[in-house]
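K.L.:
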Amino acid sequence: MGKTNQGRFFEDYSVGDVLTHAVPRTVGAGERALYHALYPARHALYSSDTFAQSCGLTASPLDDMIAFHTVFGKTVPDVSLNAVANLGYAEGRWLAPVWPGDTLTSASEVIGVKQNSNGKTGVVWVRTTGRNQHGAPVLDYVRWVMVRKRDIDAPAPETVVPDLAKVVAPQTLVVPSGLTFDGYDTALSGEPHRLSDYKVGEQIDHVDGVTVEEAEHMMATRLWQNTAKVHFDTSARPDGTRLIYGGHVISMARALSFNGLANAQMVVGLNAGAHANPCLAGDTIRAWSEVLDTAETSAPGVGAIRLRLVATKGGAPFALRGEDGKYLPDVLLDLDYWALMPT
Amino acid sequence: MGKTNQGRFFEDYSVGDVLTHAVPRTVGAGERALYHALYPARHALYSSDTFAQSCGLTASPLDDMIAFHTVFGKTVPDVSLNAVANLGYAEGRWLAPVWPGDTLTSASEVIGVKQNSNGKTGVVWVRTTGRNQHGAPVLDYVRWVMVRKRDIDAPAPETVVPDLAKVVAPQTLVVPSGLTFDGYDTALSGEPHRLSDYKVGEQIDHVDGVTVEEAEHMMATRLWQNTAKVHFDTSARPDGTRLIYGGHVISMARALSFNGLANAQMVVGLNAGAHANPCLAGDTIRAWSEVLDTAETSAPGVGAIRLRLVATKGGAPFALRGEDGKYLPDVLLDLDYWALMPT
Amino acid sequence: MGKTNQGRFFEDYSVGDVLTHAVPRTVGAGERALYHALYPARHALYSSDTFAQSCGLTASPLDDMIAFHTVFGKTVPDVSLNAVANLGYAEGRWLAPVWPGDTLTSASEVIGVKQNSNGKTGVVWVRTTGRNQHGAPVLDYVRWVMVRKRDIDAPAPETVVPDLAKVVAPQTLVVPSGLTFDGYDTALSGEPHRLSDYKVGEQIDHVDGVTVEEAEHMMATRLWQNTAKVHFDTSARPDGTRLIYGGHVISMARALSFNGLANAQMVVGLNAGAHANPCLAGDTIRAWSEVLDTAETSAPGVGAIRLRLVATKGGAPFALRGEDGKYLPDVLLDLDYWALMPT
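Protein chains in written order, with our numbering: chain E, -7 to 335; chain R, -7 to 335; chain U, -7 to 335.
(1) U/Lys221 touches chain R at which residues, Cβ-Cβ below 9 Å?
(2) Considering only their Cβ atoms, is the gap separating E/Ser100 from E/Val118 smaller than 8 Å?
(3) Using the Cα positions of R/Ala311 and R/Leu320, report the straight-line distance between them to the nearest angstrom.
(4) Taking Cβ-Cβ distances below 8 Å as the criterion, which residues of the segment 217 to 245 of chain R are in contact with chain E?
(5) Are the C-beta of R/Ser169 and some C-beta of chain U separated by less than 8 Å?
(6) Give me the Cβ distance between U/Gly201 and U/Ile277, rounded to the nearest whole Å; I'm assuming they're in contact under 8 Å.
(7) State the CB to CB distance for the pair R/Ala296 and R/Leu156, rounded to an integer number of angstroms; the pair is presumed to be in contact (CB under 8 Å).
(8) In this structure, does DSSP put R/Asn251 in helix, strand or coil?
(9) For U/Gly122, which residues in the same chain have their Cβ closer than 6 Å to its Cβ, ignoring the five residues on either side in sequence?
(10) Around the C-beta of E/Val294, are 16 or more other C-beta atoms found within 10 angstroms, so that it is buried, or is it exposed?
(11) Ignore the nearest five residues each way along the sequence and tell me which others in U/Gly84's own chain have a CB closer than 6 Å to its CB.
(12) Note down, in chain order, every chain U residue with its Cβ under 8 Å from the Cβ of E/Leu26.
(13) Listing by chain order, which chain U residues have their CB less than 8 Å from the CB of E/Lys346?
(14) May I ask you to report which of helix, strand or coil DSSP gives U/Phe2?
(15) What is the residue span of the alpha helix (DSSP H) that U/Arg24 lies within?
(16) Does E/Pro336 have its Cβ less than 8 Å from a Cβ in chain U?
(17) Report yes or no: is there a C-beta of chain U within less than 8 Å of the C-beta of E/Met(-7)?
(18) DSSP three-state call for U/Ser98: helix, strand or coil?
(19) Quick one: list the residues of chain U neighbouring E/Glu206, beta-carbon separation under 7 Å, in chain order.
(20) Could you say which of R/Asp174, R/Gly252, R/Met210, R/Gly232 lies nearest to R/His373 if we only look at CA atoms?
(21) How would you write the range of the alpha helix (DSSP H) that E/Leu301 sits in, first residue to last?
(22) What would DSSP say about E/Leu165, mapped onto helix, strand or coil?
(23) Quick check: the Cα distance between U/Pro89 and U/Met258, rounded to an integer number of angstroms?
(24) Taking 8 Å as the CB-CB cut-off, is U/Glu0 touching chain R?
(25) Please state the DSSP three-state secondary structure of U/Arg246.
(26) Do E/Val68 and E/Ala220 come within 8 Å of each other at the CB atom, strictly closer than that value?
(27) Tell me R/Lys386's beta-bridge partners as DSSP assigns them.
(28) Output needed for E/Met(-7): all residues of its chain with C-beta closer than 7 Å, excluding positions within five of it in sequence on either side, in chain order.
(29) Thinking just about the alpha-carbon of each residue, which of U/Gly238, U/Phe250, U/Thr18, U/Tyr329 is nearest to the one in U/Val323?
(30) Check R/Met(-7) in the structure and name its three-state DSSP category.
(31) Under 8 Å, with one C-beta from each stretch per pair, do the segment 177 to 192 of chain R and the segment -5 to 4 of chain R reach the 3-pair mark?
(32) Counting only beta-carbon separations shorter than 8 Å, does R/Thr12 have a partner in chain U?
(33) Counting pairs of beta carbons, one from the segment 9 to 22 of chain R and one from the segment 186 to 198 of chain E, are three or more of them closer than 8 Å?
(34) For U/Asn(-3) and chain R, any beta-carbon pair shorter than 8 Å?
(35) Tell me whether R/Glu208 sits in a helix, a strand or coil according to DSSP, three-state version.
(36) Taking C-beta pairs closer than 9 Å, name the residues in chain U that E/Arg214 reaches, listed in chain order.
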C-alpha cells in the first residue's frame, strides 16, 4: 500500500508546519442547489439573487457553510484521517463571500501540539485558511483534534498550547464589502424580527425536525470531498453504523434555525463548537438557539448577533448539560457563532 | 416560541387578502440537474439546449414543474402549515418559461372561504401567482385547502365560494413566445407520435415504475423550500411515516409519462388535480394517461393535448374509481392538464 | 400499449443499421456537482478550474465518466431494453473534453450479430459515438450485449463477429488540445507519484470503501437518463432487489482509485470491461488496481498508464478469479483503461 495515503500521526506534526491541502475545488450553481436539497435552507440572501442585490451585493453568494465545509473537507486527509476526536473550534471568521465559480484552496498551519498523558495520542491545533482563486482569504479558523501516535515510543514534543480567544471580538468581524440592510425587506426575508427584537438570554425553539437518511449525509459529505471512512463504510466502525459528519449536523441545525432566526442572514464568526454526541441515520435533528450577545457594525443597518445553536436528536429544548456538567445524551452540537442581522 | 411561525388558521383568512410569500428563489443549472436526478425526466425540450433552439427558444427552459414546485413551496408557510388536506387545483396556466438564473417570487390572493359544518375547520381558496425577477407572471393557479380553526368559537365568516372553470379554455393557453414545432425532430424527441396520432378517449399505460426512497422525496421537497413537517419528521404523524409531498408524485408521474407521451412537451395548463391517497417511501409509482381533448394553437405546428394523468402505487392500469365513486386505494394522483404537442 | 417503446429484439438488428438515440442532453454545473455528491471524486483536473488551467485547459471539463454515462444512457432504449446481459466493451476512446453547457447526442452502428445456439437469444455488437453540439465526436466505443428474440422461430441472421482490438493502441489515444503536465503541481493534485513511479505489474489497494444506498444509485442512473426497469422498480426482478447500474460501480471504483492513483487524471481509453457480478444496495464497494502498461504521448509532460481497475464488494484485494477461471463472487467489475498521467 505504498502509494496510498495513510494520513499523518501525532508525531508528524510540528508547530510552524504549513500543510498545503490537496485538490482545489470550484464551487457553483450545482453545489448551491444541492445545499438546498440537502438542508431546509431558506435564508433569503443565499436563496435569491434579487434579495442579495437589494442588500448591496452583486448576486447571491454561496452559503457560508459551503465555504466552511469545502475548506474543512480539504483538511481531512492531512489532519483528521487518524483523528480520534474533533475537539473544538475557535477564532473562526468568514472574510469574503464565495461566489459561484470561485475556486477554493485550503492550507493549515500547526499552531499547537500536546501529547496526552497516556502516551498513545496527542492534541494538534491547526489554523486553517481557505482562499479563493485570487489568493484572497475567505475563511480562517482554528480547530484542534486528538490524533493517534504511529509509534508509542516516539518522544513527546515540547508542549505548545495556543492562546485562543473565547469569542471573536465583534469589531473584528468582517462585513462583506457593499453590504447594507437599509432597504431590508422583512416580508421577503420571512420574519419581521430585527436585532432590537432579540434580547440577550432569549431562547428560541426552532420547532421543526428532520429525520436524516444515510444517502443524504453521504452525498453531503462527499460533496465537500471529506473522505473520512467512518462516514461511508459500514465496516469502519465495530457496530456497523456510519457516523454522520459533524458538519452535516451544523448545516441542518443552521437551516432549521430559519424558523425564528430568518434574519440572522450571514454567518461571519465562529467562536466555539462541540460535537457533543454522535449522530446516526434515523435520528431526527431538532435545534434551539440562545441569544448570547449583540453588537454593532459599521455597515448601514447591519448589526451582529451572537448565538448559541444547539442541535439535538430528541429531548426537550433548552436542556444542554446534566448535573455532572456533561452534555446530555440527546445533544448533538453546541455551536457559538456570530451572524449579521438588520438592526 | 414567540419568534417562530405558527402558520395561519382558518379565521386568519379574509377574501381579498393578498399574502406576499417569503424567500424569493433563484433557480438554475443545479435545480435542473437535480430534477433529472430525482425524476426520470426525458422530455427533450427540457433536456437539451439544442433541441429547445430547434423549437425557436433561446435555450432549454427549466422544467415547468420546477416553476410549479418553487412557486407552490413558497405558499406553504402562509397557506398550508395548518392545513388538514389539499383539496384541489383549478385554472392553472404557465405564462412564461423559467430560464436558468431567474428569481421567482410568489403571492396569493384569498378568493374564497367557507367554514365547515363541524365548526372546526374551513376551506380556503387562494389564487397564487409566481413572478420572475422582471415582475412578469410565470404561473397562475387556484388551490383550495382545508384549514383548522385556531379558536373553535371564532365566528364563521361569510361564505364565498369562487366560480372556477372546470377546464382552462384552450384559446387562453399561453404558448411561449417564439415556439414553433415546424422543424420538430421526432427521432431526437424519442417517439414518432404527433397530436393527430392521439384520439380522445385513448388510454396509455406508461409501463415503467419507480420505487421511491425517503432520501429522494425529502431532497426534492426541500429543493422547493417546502417545509411542511409531515414530509421530514418521523414524529409528525402517529404512525411514524413521512408523507410524500404530492408534488413529488406529480413530477414522478409526468416523467414516467414520457414513455408514450414523449411529445407532450410543455405543460401549459392545469385544469384540476386530486391527491387521491397518501404516498409513502417504498411505494412503486406507476402512471397511465387518458386523452381528454385536443386543440389548436396559433403557433406554427403547435397543438394542445388535454390529458388525465393518473399515478398509482400498484393495481391495474386504467382503474380509477370504485363502484362507490371513490378513488381506488392504489390511486395516488388524478391530474388534468394541457400540454403542447407537435401537430 | 401501442404508444410505448417495447424496445428492440435480436431480430430487429442488422449489421450496418445506424440507430439515432433520442433525447439530446445539455450537461453542466449541476451534473458536475451531483457527480461529486454521488461519488468520492477528487481528481484535481475535474474538481478545479484553476488546476485545469494550470494544465493548459480553459476550464475544468466534466468528468470523463459523465460523458460515458450520458452517451451510454441514451443507448438503453434502443440497445439494452431487452438485453439479458451486458457482455463487454472494447475500442473505447475519449476524443474531446465535455465542457459545462455542451449538449451530447448519441448514435450507434450495428457492427455484429450472432444468434446463440439456444435459438432464444443473440449477441449484438454496436459501435456507439457521442457527439457534442458542434457535431464533434467526444467518445467512441464498442459494446456487445445479449438480447432476447421476440420470435423464437425468426430465422437466424448471418453471423458477423467484429474483429476488435484487445487494447487501444496508445499512439491512437487522443490527448486534449492544449494539455500539458509540465507545470503539474503534485501538492495540489494530492499525491507525489508520477508515471515513472509506477511499475508494470504493480498492484494498489485503494483502501477506502463505500456502502451504497438505493437513493444514490437511482439518482445517478436517472441523471444519465438510463431508464432500464431493473434499476428502479422492485417488482422488475423476482427477488425484489434493484440491480445497480454497472456504470455506477465504474464511477465509484474510479473515484476510490484516487487514493493511490490521484495523478491518473484523464480517462482516455477503454480497452475492456466486465461486470462480473451484480451489485445491490448495502454492498460496500472497494477497489484495487494493477498497472498493465505505460506509454508516451506527444503532449508536454503527459504520459499514459494502462490500468486494470477491479471493484469488489468485500474479499481480499488482488483476488480476481477462482481456480475455475471464473470471477470470484465478490468481484463486481474488471475494467481495463488508459489514463493520462504526468511523466
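Backbone N, C-alpha and C define an ideal beta-carbon position, used for all residues, glycine too.
P.N.:
Reading from the atomic positions:
(1) On the third sequence, residue 221 of chain U is found 229 positions in, with the first residue counted as 1. Going along chain R in sequence order, the residues near U/Lys221 (Cβ under 9 Å) are Val199, Asp200, Gly201.
(2) Position 126 of the first sequence, counted from the first residue, corresponds to residue 118 of chain E. Position 108 of the first sequence, counted from the first residue, corresponds to residue 100 of chain E. The answer is yes: Cβ separation under 8 Å.
(3) By 1-based counting over the second sequence, the position of residue 311 of chain R is 319. By 1-based counting over the second sequence, the position of residue 320 of chain R is 328. Each residue's Cα considered, the two are about 8 Å apart.
(4) Gln217, Thr219, Lys221, Phe224, Asp225, Thr226, Ser227, Ala228, Arg234
(5) Counted from its first residue, the second sequence places residue 169 of chain R at position 177. Judged by the 8 Å Cβ criterion, R/Ser169 is not in contact with chain U.
(6) Walking along the third sequence from the start, residue 201 of chain U turns up at place 209. Walking along the third sequence from the start, residue 277 of chain U turns up at place 285. Right, their Cβ atoms sit about 6 Å apart.
(7) Taking the second sequence and counting its residues from 1, one reaches residue 296 of chain R at position 304. Taking the second sequence and counting its residues from 1, one reaches residue 156 of chain R at position 164. That belief does not hold up - the Cβ atoms of R/Ala296 and R/Leu156 are roughly 20 Å apart, past 8 Å.
(8) The residue labelled residue 251 of chain R in the question sits at position 259 within the second sequence. Three-state DSSP puts R/Asn251 in a helix.
(9) What you label residue 122 of chain U is simply residue 130 of the third sequence in a count that begins at 1. Same-chain partners within the cutoff: Val63, Leu96, Ser98, Val130, Leu131.
(10) Translated into positions along the first sequence, residue 294 of chain E becomes position 302. It counts as buried.
(11) Within the third sequence, the letter at position 92 stands for residue 84 of chain U. Closer than 6 Å at Cβ, skipping near neighbours: Tyr133, Leu262.
(12) Counting from one through the first sequence, the residue named residue 26 of chain E turns up at place 34. Ordered by position in chain U, the residues that pass the 8 Å Cβ test against E/Leu26 are Ala25, Leu26, Ala29.
(13) In this structure chain E extends from -7 to 335, so residue 346 of chain E is not present and cannot be described.
(14) In the third sequence, counting from the first residue as 1, residue 2 of chain U sits at position 10. It is helical.
(15) The sequence position of residue 24 of chain U within the third sequence is 32, counting from 1. Run containing U/Arg24: 21 to 30, per the alpha helix (DSSP H) assignment.
(16) With chain E running from -7 to 335 in the structure shown, residue 336 of chain E is simply not present.
(17) Here the question's residue -7 of chain E lines up with position 1 in the first sequence. Caution is warranted here: a pLDDT of 47 is assigned to E/Met(-7), below 50, making its placement in the model unreliable, and the coordinate value is therefore given only provisionally. Cβ-Cβ to chain U under 8 Å: yes for E/Met(-7).
(18) Numbered from its first residue, the third sequence carries residue 98 of chain U at position 106. In this structure, U/Ser98 counts as strand in the three-state DSSP scheme.
(19) Numbered from 1 along the first sequence, position 214 holds the residue referred to as residue 206 of chain E. By Cβ distance, chain U contributes Glu205.
(20) The requested residue 373 of chain R is not part of the displayed model; chain R covers only -7 to 335.
(21) As a first step, residue 301 of chain E is located in the first sequence; it is residue number 309 there, counting from the start. Unbroken run through E/Leu301 is the beta strand (DSSP E), 294 to 304; no alpha helix (DSSP H).
(22) Counting from 1 along the first sequence, the entry for residue 165 of chain E is found at position 173. Here E/Leu165 sits in coil by DSSP.
(23) The sequence position of residue 89 of chain U within the third sequence is 97, counting from 1. The sequence position of residue 258 of chain U within the third sequence is 266, counting from 1. The straight-line gap from Cα to Cα measures roughly 10 Å.
(24) Translated into the one-based positions of the third sequence, residue 0 of chain U becomes position 8. The residue asked about is misnamed: residue 0 of chain U is Arg in this sequence, not Glu. For U/Arg0, the answer is no, since every Cβ of chain R falls outside 8 Å of its Cβ.
(25) As a first step, residue 246 of chain U must be located in the third sequence, where it is residue number 254. Correct three-state label for U/Arg246: helix.
(26) The count along the first sequence starts at 1 and reaches residue 220 of chain E at position 228. The count along the first sequence starts at 1 and reaches residue 68 of chain E at position 76. Cβ atoms of E/Ala220 and E/Val68: closer than 8 Å.
(27) This structure leaves residue 386 of chain R out entirely; chain R is present only between -7 and 335.
(28) Taking the first sequence and counting its residues from 1, one reaches residue -7 of chain E at position 1. At E/Met(-7), the pLDDT of 47 sits below 50, so the modelled position is not reliable; the number obtained from the coordinates is stated separately. The answer is none, since no qualifying residue turns up.
(29) Residue mapping note: residue 323 of chain U aligns to position 331 of the third sequence, counting from 1. Nearest of U/Gly238, U/Phe250, U/Thr18, U/Tyr329 to U/Val323, Cα basis: U/Gly238.
(30) Counting from one through the second sequence, the residue named residue -7 of chain R turns up at place 1. Caution is warranted here: a pLDDT of 47 is assigned to R/Met(-7), below 50, making its placement in the model unreliable, and no coordinate value can be reported.
(31) no
(32) Position 20 of the second sequence holds residue 12 of chain R. R/Thr12 does not count as touching chain U.
(33) no
(34) On the third sequence, position 5 is the one that residue -3 of chain U refers to. Closer than 8 Å to some Cβ of chain R, the Cβ of U/Asn(-3) qualifies, so yes.
(35) Counting from one through the second sequence, the residue named residue 208 of chain R turns up at place 216. DSSP places R/Glu208 in helix when its eight states are reduced to three.
(36) Sequence index remark: in the first sequence, residue 214 of chain E carries index 222 (1-based). Those within 9 Å of E/Arg214 in chain U are His28, Ala29, Leu30, Tyr31, Pro32, Ala33, Val202, Ala247.
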